[in-house]
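Here the structure comes first, spelled out in structure tokens, and everything after it is commentary.
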Amino acid sequence: AAITGGVNILTNPDNHAGLDRGHFLSTTGNCNTFDDGADGYCRADGVGSIVLKRLEDAEADNDPILAVINGAYTNHSAEAVSITRPHVGAQAFIFNKLLNDANIDPKEVSYVEM
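The opening residue of the sequence shown carries number 1 in UniProt numbering; numbering runs sequentially from there.
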């Protein structure tokens with residue numbers, strides 16, 4: 001098993017000011033990903049951690065299984081209009097690749113976070 005986590009602490013106001021001047025940050029406080037009204041992204045402090053365990057081990061230990069990682073992949077949206085609006089084609093490609101590689105029917109997916 002492994003305990004993994006991540007932290008994002010925004011301590012330098014100059015970074016926020018520069019992103020704001022560059023019009024990277026949303027003026028509405030919402031990202032609106034893939035929406036024609038997308039006007040930027042939002043930043044925040046955050047902390048998260050999770051215990052990762054092989055499925056066979058979790059089942060053998062009768063652990064509550066909240067999710068199963070069936071695949072992981074990364075790409076780049078270089079074709080995007082701007083950093084504030086992801087390229088739909090690149091996002092669709094990665095999603096379809098993950099589904100195909102893991103042999104998952106798209107109708108079985110109930111939640112996607114991008």
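Every residue, glycine too, gets a C-beta built ideally from N, C-alpha and C. Fair warning: this is a prediction, and the values are worked out from it, not measured in the lab.
From this set, the options, which residue's C-alpha is nearest residue i's C-alpha?
i   : options                 : result
T4  : G71, A17, G48 and A44   : G48
H87 : L98, K97 and N75        : N75
G22 : N30, D39, T33 and P106  : D39
F34 : S82, I69, N103 and A102 : S82
Can you name, in chain order, every residue of its own chain whose Cβ lies under 8 angstroms from the Cβ of residue i, other than the five neighbours on each side?
i    : result
V109 : L99
S77  : P86, H87, A90 and Q91
A2   : V51, L52 and K53
L19  : L25 and R43
E79  : H87, G89 and A90
Give me whichever residues DSSP pairs with residue i in a beta bridge.
i    : result
N8   : G46
V112 : Note: V112 sits in no beta bridge, so no partner.
What is the DSSP secondary structure of residue i, reduced to helix, strand or coil?
i   : result
A2  : strand
R21 : helix
V88 : helix
L55 : helix
Between which residues of its own chain and residue i is the CB-CB distance below 7 angstroms, once the five residues before and five after are set aside?
i   : result
Y73 : I94, K97 and L98
A60 : none
G29 : C42
Relative to the ligand SAH, is the shortest distance from any of its heavy atoms to the C-beta of residue i smaller than 7 angstroms?
i   : result
T28 : The ligand SAH is absent from the structure shown, which contains no ligand whatsoever.
Cβ pair count under 8 angstroms reaching 3, the region 5–24 against the region 36–44: yes
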